[in-house]
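Numbering (my numbering), first residue to last: 104 to 677. Below: one structure, written as structure tokens.
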Ligand SMILES: [Zn+2]
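Right, here's the structure in full:
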């Protein structure tokens, strides 16, 4: 059996993912565990930028937790046991399984291009998932929470779900999601009696206020459970594709019921008890805000019905809208509007890292955000190319060109020693009006405070605020410091002072390389590894960003140069 260890690198995870699909065992560890999941996607169309938004938000959390010493397991997958998928395959004249496998490959191609560091990718058509699902539903049946009955109601084919009278009425006689007329459908079926869990759910919300995140979605769920909870029809008849109900095989399990179970079948429920116990309960389920109800009411009720503890947290993130460049209106991403943007279009023009940065910086993860090509290019050029990229290129190139790639004493910096350089006007009359601000960024005390704040922002998934903080506290002041002190001129007139200035540009550069590791892992690694910093890259934690190097003396450039210049991190795009 292959062994799983936490893994931060894209390469490591690639092999790990393969291994993980064939069963696994885990080395015992005393590190705290962190188990997170994303919603699993319908593979009847390729992922769009909104789908990618969620995966990146989850990946930042996974990478941050690994960095901070957690033993992380990150689960993703595709939701394949659906009529829509079988239909789509039939339309294309393909075998349903072959179609699912090919779509899973296409999804993973996109996730790999975005460096999503998942540990396992579940296809719900896999025999293992089927087997574990059947065990779960049997358990709920044996525990007396499933009854046979008849269901008649309004059914939306697009949602593959019955809609309540009220939902249809409020939307004006159509499905609120699809704006299409529902059909009247009546069938014999099995109900999951989730209404029996009303009191236990309400108690759970009270005991675990952090269960439903962000806070704003909590009241909505509480009132729904109080007033609008109904028993859920969890079976279908007459369908070939899907998972059979173990005690009554003419029925298949409703796709939602089996999809939710991915979160536990993927970590060994039903076939590896030790593994399951190790990871469960889930630390965060990342989902879109539109499916909060299923995750915060039905899912915990299902688990309670099977005697399993509910998850610790469900995080309902916001949506990405497309900004119509002509009208300025924010539009929902939809095929019918013809505005679907595929992640690969953006990745091939810019890069996977630029993609990650834009969506984490521009779209508040708990709220909603917008995409436009113009805005993307503006953010890319101003924040990545001209700010982060420029600082990096300047430091590496100036040290390489003027100091033979070695800055004596460059690893022993007393941040307080910068004071004279800020106060004493370096070239006559050039004292920095922003000296105090720039100074704050290299003072260990204040950096430590900023980092403590950043940790809390990342842990709350407030990624856009975290990135804003990094730019405002470190990168923008460091660039301003460079503009004021002009080390590229100083090297010609006062080399000693130029060396000091460069040392002080290095401090924030090193700091941000560490802080950006969960967000833009490749650029962050490139920056860090361009210098002979002491701590191995694999082991840096957020706290290390506050403590400058203490060992050794000389700072050496390790980056490879071409024609005296370092390769740009984010080449400007016109
Ligand atoms: Zn619908």
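In this text, a Cβ means the ideal position worked out from N, Cα and C, and glycines have one as well.
DSSP, reduced to helix, strand and coil, places residue 142 outside both helices and strands of the structure shown, so it counts as coil. Annotation: the continuous alpha helix (DSSP H) that includes residue 157 extends over 152-170.
The C-alpha of residue 382 lies about 40 Å from the C-alpha of residue 282.
One thing to note: residue 460 has its Cβ within 8 Å of the Cβ of residue 487. Taking 8 Å as the upper bound for CB-CB distance, residue 223 and residue 369 are in contact here, some 5 Å apart.
The continuous alpha helix (DSSP H) containing residue 322 extends over residues 321-330. For ligand 1, no non-hydrogen atom lies closer than 7 Å to the CB of residue 427.
Leaving aside the five residues that flank residue 344 on each side, the residues in its chain whose CB is nearer than 6 Å to its CB run, in chain order, 189, 199. The beta-carbon separation of residue 421 and residue 472, rounded to 7 Å, stays under the 8 Å limit for a contact. The DSSP-derived three-state label of residue 281 is coil.
In the structure shown, residue 673 falls within a coil segment according to DSSP collapsed to helix, strand and coil. Counting C-beta pairs closer than 8 Å gives three or more between the region 251-264 and the region 282-301, which meets the contact rule. Between residue 293 and residue 250, the beta carbon gap of about 7 Å places them in contact (Cβ cut-off 8 Å).
Taken in chain order, the complete beta strand (DSSP E) segments of 3 or more residues contained in the region 382-435 are 387-391, 417-420, 423-426, 433-435. In chain order, the residues with a C-beta atom nearer than 6 Å to some heavy atom of ligand 1 are 259, 261, 262, 278, 280, 281.
Residue 670 counts as exposed, since fewer than 16 other beta carbons sit within 10 angstroms of its beta carbon.
The count of Cβ pairs closer than 8 Å, one atom from the region 132-151 and one from the region 589-596, stays below three, leaving the stretches out of contact. Residue 339 is bridged by DSSP to 355. The three-state reading of DSSP puts residue 478 in helix, counting H, G and I together.
Taking C-beta separations shorter than 6 Å and ignoring five residues to either side along the sequence, the partners of residue 414 in its chain run 384, 385, 388, following chain order. The residues 594, in chain order, have a CB closer than 6 Å to that of residue 505 in the same chain once the five nearest residues on each side in sequence are set aside.
Secondary structure of residue 229 (DSSP, three-state): coil.
Here the C-alpha atom of residue 393 lies approximately 8 Å from the C-alpha atom of residue 419. Only residues of its own chain outside the window of five on either side were considered, and among them 346, 349 have a CB closer than 7 Å to the CB of residue 237, listed in chain order. Excluding sequence positions up to five before and after residue 423, its CB lies within less than 8 Å of the CB of 152, 153, 156, 436, 462, 466, 471, 472, 473, 474, all in the same chain and listed in chain order.
Using a Cβ distance threshold of 8 Å, residue 164 and residue 564 count as a contacting pair. Taking the Cβ atoms as the reference, residue 225 lies roughly 7 Å from residue 178, within the contact range of under 8 Å. Taking residue 373 as the centre and dropping the five residues before and after it, the same chain places the C-beta of 235, 238 closer than 6 Å to its C-beta, in chain order. Secondary structure note for residue 564: it is in no alpha helix (DSSP H), with a DSSP letter that is neither H nor E. Per DSSP, residue 133 lies in no beta strand (DSSP E) and is assigned neither H nor E.
The continuous beta strand (DSSP E) containing residue 178 extends over residues 174-181.
Minimum Cα-Cα distance from residue 172 among the listed residues 652, 645, 674, 668 corresponds to 645.
Counting the other Cβ atoms within 10 Å of the Cβ of residue 483 gives 16 or more, which makes it buried. When secondary structure is reduced to three states using DSSP, residue 250 falls in the strand class. In this structure, the beta-carbon distance from residue 182 to residue 443 does not fall below 8 Å.
Going by beta carbons, residue 625 and residue 456 fall inside the 8 Å limit.
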